[in-house]
Amino acid sequence: MDQTQPSAIAFNYSRFAQRVARRDASLYERVVASIDERPPLPAWRRELATTDASTIDDILRRMRRELMLRTVLRDLVKAAPLDELVTDLSDFADLALTGATAAHSQTIFGSVQPPCGFSTVAMGKLGAQELNASSDIDIVFICDEPDADAMDSLNLLARRVTRSLNQEIDGEFVFRVDTRLRPYGDAGPMVPSLDFLEQYFVAQGRMWERLAWLKARVACGTLGPALAALTTPFVFRRYLDFDAVAGMRELHAQLRAEKNDANNIKLGRGGIRELEFGAQLRQLVRGGRDPALRAKPTVPALNALARAGNITATQAETLAQHYALLRRIEHVLQYRDDQQTQMLPRDAAERNELALALGFGSAAALDAQLERTRSDVAAFFDGTLTGAFGVSDDTAARIAASTAAPASAPPTGAGVDAATLATAGYADAEGTAAYISTTLDGTRVRALPAASGERFRRLVQATFTYAARTPLPDAACKRTLDLLLAVASRSSYLALMIERPQVLDRVIDLAAASDWALRYVTRHPLLLDELMDGRTLATAIDYQAWRRDLAARFNAAGDDAERAIDDIRHFQQNETFRLLLKDIAGLLPLEILSDHLSALADAVVEVTLAHLLRAAKLPDSARLAVIAYGRWGGKELGYASDLDLIFLMPDDAVEHRDQLTRVAQRLQSWLTTMTAAGRAYDIDVRLRPDGAAGLLLSTVSAFAEYQRDKAWTWEHQALTRARFAAGDAATGAEFERIRNEIIARPRDWPKLRADVIEMRARVAEGHPNRKASELFDLKHDNGGLVDMEFAVQALVLRYGAVQPTMRADHGNIALAIRAGELGLVTAEAGLAAANAYRTLRSRQHAIRLQGAERAAVPLTELADERSAIRSFYDAVMAP
Numbered sequence: 008m009d010q011t012q013p014s015a016i017a018f019n020y021s022r023f024a025q026r027v028a029r030r031d032a033s034l035y036e037r038v039v040a041s042i043d044e045r046p047p048l049p050a051w052r053r054e055l056a057t058t059d060a061s062t063i064d065d066i067l068r069r070m071r072r073e074l075m076l077r078t079v080l081r082d083l084v085k086a087a088p089l090d091e092l093v094t095d096l097s098d099f100a101d102l103a104l105t106g107a108t109a110a111h112s113q114t115i116f117g118s119v120q121p122p123c124g125f126s127t128v129a130m131g132k133l134g135a136q137e138l139n140a141s142s143d144i145d146i147v148f149i150c151d152e153p154d155a156d157a158m159d160s161l162n163l164l165a166r167r168v169t170r171s172l173n174q175e176i177d178g179e180f181v182f183r184v185d186t187r188l189r190p191y192g193d194a195g196p197m198v199p200s201l202d203f204l205e206q207y208f209v210a211q212g213r214m215w216e217r218l219a220w221l222k223a224r225v226a227c228g229t230l231g232p233a234l235a236a237l238t239t240p241f242v243f244r245r246y247l248d249f250d251a252v253a254g255m256r257e258l259h260a261q262l263r264a265e266k267n268d269a270n271n272i273k274l275g276r277g278g279i280r281e282l283e284f285g286a287q288l289r290q291l292v293r294g295g296r297d298p299a300l301r302a303k304p305t306v307p308a309l310n311a312l313a314r315a316g317n318i319t320a321t322q323a324e325t326l327a328q329h330y331a332l333l334r335r336i337e338h339v340l341q342y343r344d345d346q347q348t349q350m351l352p353r354d355a356a357e358r359n360e361l362a363l364a365l366g367f368g369s370a371a372a373l374d375a376q377l378e379r380t381r382s383d384v385a386a387f388f389d390g391t392l393t394g395a396f397g398v399s400d401d402t403a404a405r406i407a408a409s410t411a412a413p414a415s416a417p418p419t420g421a422g423v424d425a426a427t428l429a430t431a432g433y434a435d436a437e438g439t440a441a442y443i444s445t446t447l448d449g450t451r452v453r454a455l456p457a458a459s460g461e462r463f464r465r466l467v468q469a470t471f472t473y474a475a476r477t478p479l480p481d482a483a484c485k486r487t488l489d490l491l492l493a494v495a496s497r498s499s500y501l502a503l504m505i506e507r508p509q510v511l512d513r514v515i516d517l518a519a520a521s522d523w524a525l526r527y528v529t530r531h532p533l534l535l536d537e538l539m540d541g542r543t544l545a546t547a548i549d550y551q552a553w554r555r556d557l558a559a560r561f562n563a564a565g566d567d568a569e570r571a572i573d574d575i576r577h578f579q580q581n582e583t584f585r586l587l588l589k590d591i592a593g594l595l596p597l598e599i600l601s602d603h604l605s606a607l608a609d610a611v612v613e614v615t616l617a618h619l620l621r622a623a624k625l626p627d628s629a630r631l632a633v634i635a636y637g638r639w640g641g642k643e644l645g646y647a648s649d650l651d652l653i654f655l656m657p658d659d660a661v662e663h664r665d666q667l668t669r670v671a672q673r674l675q676s677w678l679t680t681m682t683a684a685g686r687a688y689d690i691d692v693r694l695r696p697d698g699a700a701g702l703l704l705s706t707v708s709a710f711a712e713y714q715r716d717k718a719w720t721w722e723h724q725a726l727t728r729a730r731f732a733a734g735d736a737a738t739g740a741e742f743e744r745i746r747n748e749i750i751a752r753p754r755d756w757p758k759l760r761a762d763v764i765e766m767r768a769r770v771a772e773g774h775p776n777r778k779a780s781e782l783f784d785l786k787h788d789n790g791g792l793v794d795m796e797f798a799v800q801a802l803v804l805r806y807g808a809v810q811p812t813m814r815a816d817h818g819n820i821a822l823a824i825r826a827g828e829l830g831l832v833t834a835e836a837g838l839a840a841a842n843a844y845r846t847l848r849s850r851q852h853a854i855r856l857q858g859a860e861r862a863a864v865p866l867t868e869l870a871d872e873r874s875a876i877r878s879f880y881d882a883v884m885a886p
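Throughout, our numbering is defined as the position within the sequence shown, counted from one, plus 7.
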């Protein structure tokens, strides 16, 4: 062997490679001659397909000998990428398990396919397909619905497969096998059934097992889908899983308490295990809500976390580089003697040889790089417990303080002091103290598990302490307690607010600002996630990003309609809540907020309709448009507004009416059906031609004919606030042409006036104010919002034929001002009414945010605004 050749240098470092060369010179010559080639796994798979139990052991050891020799040389000589090396090692492990199972199954059962779905689950690095050079393989054998006779034979099969891989023959083995990750370890059944596994997860599953099963996959056998159905809900909780943080904190303390040698690059501080655990914890917390975060290999998991915004792209890239270095060091350490070691050599000469094999100029250079790497990894791991989700230094300090030692014992009902609340600024100290006591002593709190009960009491104490800083301490405290009680049965929500105190602070601030907002969060507690990120208020609204986000969710859901329907709700709720936070912070004028809420509805309907049309697999000629009416059409949506809409199709799509009608019906169902995630929108389609008696889907020509010949005046009023919102743009343009034509028709003013006045009276009759002597109903009373809306509609229909700019769908405020500018009313009347309408809408909005079903104020308030709107209405309706 030429000692100057790179392969010779590699052989000089790897005593294992030297032994293989001495044992099998022809193998050495063949591998060196084809050093660029990866192991011939396809050929080995074909060979193993015809191997029986008498020869399987020897064949697998011969294959493993070549695999390892190629791995050593490709790494040390050719610097092959880490992902190629670990993929080859993992694929060979799968192949070995499959070959051994088939060979021994043939002997035991007379078939290469064992009964009862017998499968081998790969765990750990093999599960993630990132096996290292001399690794153990952690596996769990499983089966489905075995009987007693079959179970004995399946246990025998499991033992023989294990022995074929694990047993040392003539100094060689295939893989060291560890089966202790099965339920109850060595004390548990060798081949647990799926039912047994499920019961174990429910009754006994622990934090470290969730981490272990995160990487689990079926490497051999047919039970992959069935296993995933069991493990996914065990590993990933549907809601934000901050119980995982508490569990990881305990695990973290255990790991750091272990006396791991600093030279251990896997178990020592800043080693491989801490990097993997740092990624896995973040996956556990959010993976239930975001399936993209469930990647099993470490580097893809880091990249997924970066795409989801949980870590930065730069951090993911840096950690991936650190992981590659640590794993390569691990490999090269194991190449020395084919031993499962992660210990850096203490001997100076040995350490220097390691450094040279890794491509470093000296041991000192290696040590310097390792110090930087491990420092970054340790900080990343520590950050899982305080900074994993972007908390401030102050919050991190509060977390550390509460973890080290709670400041005081959590309160009990009897311990709430009304005098203390009064001193803190509570106006109704006795009432609030009684409310706290009743909550704490209630059956729901007493029924909580001990850990959840302790968390609940700590949160109550934090609530009445922080609420004293808000403008409405009593309301803030009581509303927050209601939310805590509503979510208390899910310990993870309590853990979230313990682990992230700023979330509770923001909940209390929200409670003080808006009862409606807090009830919205109570109905949709997943929104608590939004309160973790202080950047929400600064994030710009991007309508196209909304469309991309929802479309990506549909793509990820694939054919899973239930998941897609829930995705709509989660998306709509998240974006609505972000707007709500901006609204409460005073960052969105009401008109801009309404624009955003209307645009959000546009995006939801547009993307959902497109998804359903694709799923229906209709031809391109089958087109459909959604026309928005009412508040949605006028871009004046509120948080809880219905969507008034109709469906139109072009005339040449009439042959697809039935299929398109089903799409329209599915759109309604997808948006309105109540699921565990709530509903997205209520939808009203009664404004279609002939109302509830008419077809759900009209052609453009039929719609035009109806509007010209049959529509009532009130339907033309509704048309003034209609617009194309989603679907086929050409059909939408046809609608806009028809709308413009109908509004531009000359009208008999006395008849129009009489019809509008009659309709206004009917609306008032349907919404009587039973406290008219005391309260002014901002919407329905004289001088209210409906007066303004009817007056504007009358102006549009009366003057649309001669004033084209009045036909534009620009909303009531803009059209009232324009009417004044055009001399249709006095300029002063138009401007005063527009300002009054804006004030009434803002007041209505503020009242509803405080939870009132109907917006009303004392008669002494808003007198000027009522007068301005009524004067405008009277001026418009003058004979």
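Where is the CB? At the ideal position from N, CA and C, for every residue including glycine.
Please determine, among the options, the residue with the shortest C-alpha to C-alpha distance to residue i.
i: Thr169; options: Leu620, Phe182, Arg289 and Ala32; result: Phe182
i: Phe879; options: Arg167, Leu822, Asn747 and Pro298; result: Leu822
i: Ile764; options: Asn139, Asp651, Val38 and Met884; result: Met884
i: Asp95; options: Ala493, Met70, Ala24 and Val119; result: Met70
i: Ala236; options: Thr108, Asn581, Ala684 and Leu201; result: Leu201
i: Lys717; options: Arg730, Asp697 and Gln724; result: Asp697
i: Leu831; options: Thr812, Leu847 and His817; result: Thr812
Helix, strand or coil for residue i? Go by DSSP, reduced to three states.
i: Cys150; result: strand
i: Cys227; result: strand
i: Ser141; result: coil
i: Leu92; result: helix
i: Asp627; result: coil
i: Phe125; result: coil
i: Ala416; result: Its pLDDT being 47, under 50, Ala416 is placed unreliably by the model, and the measurement read from it follows with that caveat. Correct three-state label for Ala416: coil.
i: Ile548; result: coil
i: Val633; result: strand
i: Thr402; result: Low confidence applies here, because Thr402 scores a pLDDT of 42, under 50, leaving its location unreliable and the question unanswered by this model.
i: Ile176; result: strand
i: Asp65; result: helix
Bridge partners for residue i per DSSP, in chain order?
i: Pro865; result: Leu782
i: Thr682; result: Gly685
i: Thr706; result: Met656
i: Gly734; result: Ala632
i: Ser200; result: Cys150
Could you pull the start and end residues of the beta strand (DSSP E) that residue i belongs to?
i: Leu351; result: Counting along the chain, Leu351 falls outside any beta strand (DSSP E), and DSSP gives it neither H nor E.
i: Met656; result: Leu650 to Met656
i: Tyr806; result: Segment Leu792 to Tyr806 is the alpha helix (DSSP H) holding Tyr806; no beta strand (DSSP E) there.
i: Arg183; result: Arg183 to Asp185
Can you give the beta carbon distance from residue i to residue j, rounded, assuming they're within the 8 Å contact cut?
i: Leu312; j: Ala286; result: 7 Å
i: Ala632; j: Ala660; result: So it is not a contact: roughly 10 Å between Cβ atoms.
i: Arg805; j: Arg754; result: 6 Å
i: Ala798; j: Glu613; result: About 32 Å; that fails the 8 Å criterion.
i: Arg848; j: Leu597; result: 6 Å
Can you name the start and end residues of the alpha helix (DSSP H) that residue i belongs to?
i: Gly640; result: Gly637 to Gly640
i: Ala718; result: Careful: Ala718 lies outside any alpha helix (DSSP H) and carries neither H nor E.
i: Ser369; result: Neither: Ser369 is in no alpha helix (DSSP H) and is coded neither H nor E.
i: Asp590; result: Ala568 to Ile591
i: Lys485; result: Pro480 to Val494
i: Met766; result: Trp756 to Gly773
i: Phe463; result: Ala457 to Ala474
i: Ala870; result: Ala870 to Val883
i: Ala524; result: Asp522 to Arg530
i: Thr477; result: Thr477 -> no alpha helix (DSSP H), and no H or E assigned at all.
Is there a C-beta anywhere in chain B that falls below 8 Å from the one on residue i?
i: Ala870; result: Absent here is chain B; the protein component of the structure consists of one chain.
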